[in-house]
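Comments concern the structure below.
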Ligand code: SF4
Ligand code: SF4
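In UniProt numbering, the protein residues as written are 1 to 799.
Right, dumping it as structure tokens:
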């Protein structure tokens with residue numbers, strides 16, 4: 001191998017700019033250190049001020065909801081929370097009227113209830129309209145920002161969503177880009193949804209807003225979960241009464257299916273139970289009191305037992321949350337007695353369930369002249385009562401067993417009134433229960449299923465990228481292959497990931513993740529966006545291996561757009577601006593400052609941070625494909641225009657996401673980018689060609705800035721561009737015949753000598769040391785890395 005002429009003279013001809021280039025970098029690091037420390041302190045302060053203060057209320061709310069609602073997970077503060085951020089939204093009569101669709105001028109009365117679930121019972125004109133609940137209070141709904149997301153949901157006694165209203169949110173996508181009207185229309189779309197008969201595949205639900213999948217998804221999740229809880233609290237959604245199915249049946253059939261509870265007390269039993277009755281009861285087998293009772297709400301019982309006409313009349317008078325109870329009796333005693341007309345209630349009849357005790361009112365009574373059903377015994381009294389079947393309004397749960405008791409009286413020897421209770425237990429037969437709807441899979445599972453094809457596409461792209469990165473040493477020796485792979489992949493990233501799938505990662509997601517870690521992490525909130533989740537998972541793993549370049553260099557649609565536009569600009573001859581290294585490094589401060597400021601501001605005000613996050617043009621250029629208000633479009637176009645003259649201008653100086661991804665660059669495991677000892681000293685081609693200016697005048701790669709485009713690796717392996725290889729080939733093979741890619745600029749003229757004080761001790765060892773070595777001196781080739789500043793250590797030096 002021909003030896004490269006020993007360039008001893010150049011050892012003292014390092015650019016005088018070099019020492020200055022080192023100093024700003026140290027300054028940047030120091031500044032960043034201060035900023036990170038500030039952020040850390042701010043985070044601790046926020047932790048102390050907000051989440052810790054909220055913790056007891058959160059725990060209390062969670063315990064309360066878990067106890068009251070049983071099956072769902074709650075994480076809320078309830079009405080007792082001192083922090084207004086944790087208090088659920090409270091409906092007023094006007095809002096309740098709107099939710100239940102009442103005519104103008106009709107205002108319902110609202111009663112706060114705490115059992116069976118916390119919420120508000122709405123009544124108008126004596127009828128229960130339903131329940132209103134807060135999603136934050138009922139299910140602890142949090143948005144993608146990990147902040148409370150509160151929707152008031154109104155559910156009728158039939159389990160139908162009457163209306164919903166978004167009351168509070170701190171969602172990134174809802175703040176800008178999507179109008180309040182869009183969101184209001186989306187939330188309104190839940191009106192009419194029947195929790196008892198949910199349609200398959202979410203039919204009947206408003207589709208999530210495509211540019212706000214995550215936030216509208218969590219809104220939908222909160223509304224549906226809260227609606228089911230409110231429906232369940234009204235006896236629905238978990239096996240309510242089937243008021244539709246009908247089958248002909250006679251009396252024995254109704255008794256056999258358990259629709260009529262039966263009890264009989266003979267005269268002999270009554271005589272034994274009331275021995276002091278006066279006159280004494282004559283024992284016999286004749287009935288003292290015999291009763292059949294049951295619910296007549298179902299068509300099978302009602303139509304067969306009392307007839308269609310009577311059922312229609314009785315059911316027509318039923319209000320929400322009421323049920324029909326039929327009581328039929330014979331024997332010596334009467335279940336009605338005579339005092340009900342005077343007292344306005346049937347004092348002899350008690351309907352009990354747990355602590356609930358009801359006495360039918362005279363106004364709720366219908367007398368039946370006869371029964372049309374075949375096989376009925378001879379009866380003395382036939383009554384139908386409307387009873388309160390709304391547990392939330394102090395009624396009984398008719399889907400659960402309850403007792404009907406008739407207090408049969410008899411005078412005692414002392415003139416007192418003796419009472420013999422005769423009781424039957426009523427249980428709704430299984431045949432008349434609605435099957436509880438199968439629990440819907442979590443929303444995130446539905447989304448993953450719906451997006452399975454898109455996930456497969458993203459997975460395939462990630463697989464290809466993995467192959468490219470693992471085979472990078474082989475690829476960079478083939479200039480044309482690299483160029484095609486790179487251009488093709490960037491096109492895919494822009495067109496498929498960006499404009500088709502909308503899978504553009506954003507600093508907002510980083511902020512949301514940090515908040516979730518501090519305020520309560522919920523996987524569901526992140527799993528709800530499958531593509532973003534897969535991308536972030538891959539980026540996190542890739543960053544561990546290769547640093548931020550996995551995303552910035554290959555998977556960022558906006559980065560791809562900038563690079564492709566710049567390629568086109570260079571093809572048509574637009575001259576590139578070379579930013580002086582000192583200025584270049586100072587401008588890096590902008591993006592790091594932006595990132596830290598965004599994170600810090602988000603702990604003060606998420607809303608303001610989200611507004612500030614508009615510094616990212618991603619939503620405009622990628623998510624909304626430039627279909628946005630002109631100031632946003634102008635801003636994005638200005639950045640892209642700057643990128644025509646300075647490649648990836650936005651990535652270099654502005655992007656807070658890129659800065660956030662650069663911070664953990666030191667953690668990366670692999671460092672497969674190679675340098676030559678001559679880089680930066682004899683040749684600065686890579687420095688001038690680097691996509692983002694990540695190579696300093698000494699030829700060292702700044703891992704924080706490198707986007708892993710592999711361009712420098714291609715250059716250093718191309719005999720037509722790399723001066724070192726050219727010199728080698730001059731000693732052997734003739735020049736040319738390579739890929740014909742980059743044109744090597746002339747080696748810069750020797751700068752004036754450097755004053756010793758300008759050069760920090762050992763700052764140039766990495767570049768200068770190989771000068772004294774002969775080419776191919778493998779024993780010394782890693783010595784350069786050992787004396788390099790930390791940001792440039794571990795770079796592989798190739799002779
Ligand atoms: S620096 Fe920002 S815009 Fe550039 S590639 Fe990275 S994330 Fe995308
Ligand atoms: S250092 Fe090399 S791999 Fe990194 S961005 Fe610059 S040219 Fe691309």
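Just so you know, even glycine gets a beta-carbon here, dropped at the ideal spot from N, CA and C.
- [ ] Could you please give the first and the last residue of the uninterrupted beta strand (DSSP E) stretch that includes residue 327?
- [x] 322-330
Open item on the list: With a threshold of 7 Å on Cβ separation, who are the neighbours of residue 341 within its own chain once the five nearest residues in sequence on each side are excluded?
Closed with: 362
- [ ] Let me know if residue 83 comes out buried or exposed under the rule of 16 or more other beta-carbons within 10 Å of its beta-carbon.
- [x] Any reading at residue 83 needs caution, since the residue's pLDDT is 46, under 50, leaving its predicted position unreliable; the model's value is listed next. By the neighbour-count rule (16 or more Cβ atoms within 10 Å), residue 83 is not buried but exposed.
- [ ] Compare the beta carbon distance of residue 508 and residue 656 with 7 Å and say whether it is the shorter of the two.
- [x] no
Open item on the list: For ligand 1, is there any heavy atom lying closer than 6 Å to the beta carbon of residue 559?
Closed with: yes
Task: DSSP-derived helix/strand/coil call for residue 103 - done: coil
Task: Of the residues 430, 496 and 421, the one placed nearest residue 453, counting alpha carbons only - done: 496
TODO: Could you check the C-alpha separation between residue 368 and residue 150 for me, to the nearest Å?
DONE: 49 Å
- [ ] Return yes when the Cβ of residue 428 is within less than 7 Å of the Cβ of residue 399, no when it is not.
- [x] yes
- [ ] Starting from the N-terminal side, write out each stretch of the alpha helix (DSSP H) that is 4 residues or longer and does not extend beyond the segment 475-548.
- [x] 479-492, 507-519, 523-527 and 530-546
Task: Buried or exposed by the 16-neighbour rule on C-beta atoms within 10 Å, applied to residue 296 - done: buried
Open item on the list: Less than 7 Å between the C-beta atoms of residue 110 and residue 226, yes or no?
Closed with: no
Task: Pairwise C-alpha distance: residue 432 and residue 501 - done: 48 Å
- [ ] For residue 110, name the three-state secondary structure that DSSP assigns.
- [x] strand
- [ ] Can you give me the start and stop residues for the alpha helix (DSSP H) that residue 569 sits inside?
- [x] 557-571
TODO: Round the Cβ separation of residue 492 and residue 468 to the nearest angstrom and send it over; I've been treating them as touching at under 8 Å.
DONE: Between residue 468 and residue 492 the Cβ distance is about 12 Å, and since that is not below 8 Å, they are no contact.
Open item on the list: Out of 91, 107 and 128, which one is the CA nearest neighbour of residue 135?
Closed with: 91
Open item on the list: Taking 8 Å as the limit between beta carbons, can you name the residues of its chain near residue 644, skipping five residues before and five after?
Closed with: 565, 566, 569 and 574
TODO: Classify residue 683 as helix, strand or coil using the three-state DSSP reduction.
DONE: strand
Open item on the list: I'd like to check one pair, residue 270 with residue 288: are the Cβ atoms closer than 7 Å?
Closed with: yes
TODO: Flag this pair as touching only if the segment 455-462 and the segment 311-328 have three or more C-beta atom pairs under 8 Å; answer yes or no.
DONE: no
Open item on the list: Measuring only from the beta carbon, is residue 655 closer than 6 Å to any heavy atom that is part of ligand 2?
Closed with: no
Open item on the list: If you measure from each CB to the nearest heavy atom of ligand 2 and keep those under 6 Å, what residues do you get, in chain order?
Closed with: 673, 690, 691, 692, 694, 695, 701, 706, 707, 708, 709, 710, 711 and 712
Open item on the list: Measuring only the C-alpha atoms, how far is residue 373 from residue 424?
Closed with: 22 Å
TODO: Identify, in the order they occur along the chain, each residue of the same chain with its Cβ nearer than 8 Å to the Cβ of residue 736, setting aside the five sequence neighbours on each side.
DONE: Bear in mind that the predicted position of residue 736 carries a pLDDT of just 38, short of 50, making it too unreliable to give a figure here.
TODO: Return yes when the Cβ of residue 335 is within less than 7 Å of the Cβ of residue 406, no when it is not.
DONE: yes
Open item on the list: With H, G and I counted as helix, E and B as strand and the rest as coil, what does DSSP make of residue 380?
Closed with: coil
Task: Inter-residue Cα distance where the pair is residue 651 and residue 521 - done: 30 Å
Task: Range of the contiguous alpha helix (DSSP H) that encloses residue 641 - done: 630-645
Open item on the list: Does the beta-carbon of residue 679, which I'm using as the reference point, lie nearer than 6 Å to any heavy atom of ligand 1?
Closed with: no
- [ ] Determine, using beta-carbon pairs with one atom in the segment 461-477 and one in the segment 708-718, whether at least three such pairs fall under 8 Å.
- [x] yes
Open item on the list: Looking only at its chain, what residues have a beta carbon closer than 7 Å to the beta carbon of residue 119, apart from the 5 residues adjacent to it on each side?
Closed with: 113, 131, 132, 133 and 230
Open item on the list: In chain order, what are the residue ranges of uninterrupted alpha helix (DSSP H) at least 4 long that sit wholly in the segment 309-373?
Closed with: 340-343
Open item on the list: Using a Cβ-based criterion (distance less than 6 Å to any ligand heavy atom), does residue 683 qualify as near ligand 1?
Closed with: no
Task: Nearest-angstrom Cα separation, counted from residue 519 out to residue 194 - done: 33 Å
Task: residue 658 CB to nearest heavy atom of ligand 1 below 6 Å - done: yes
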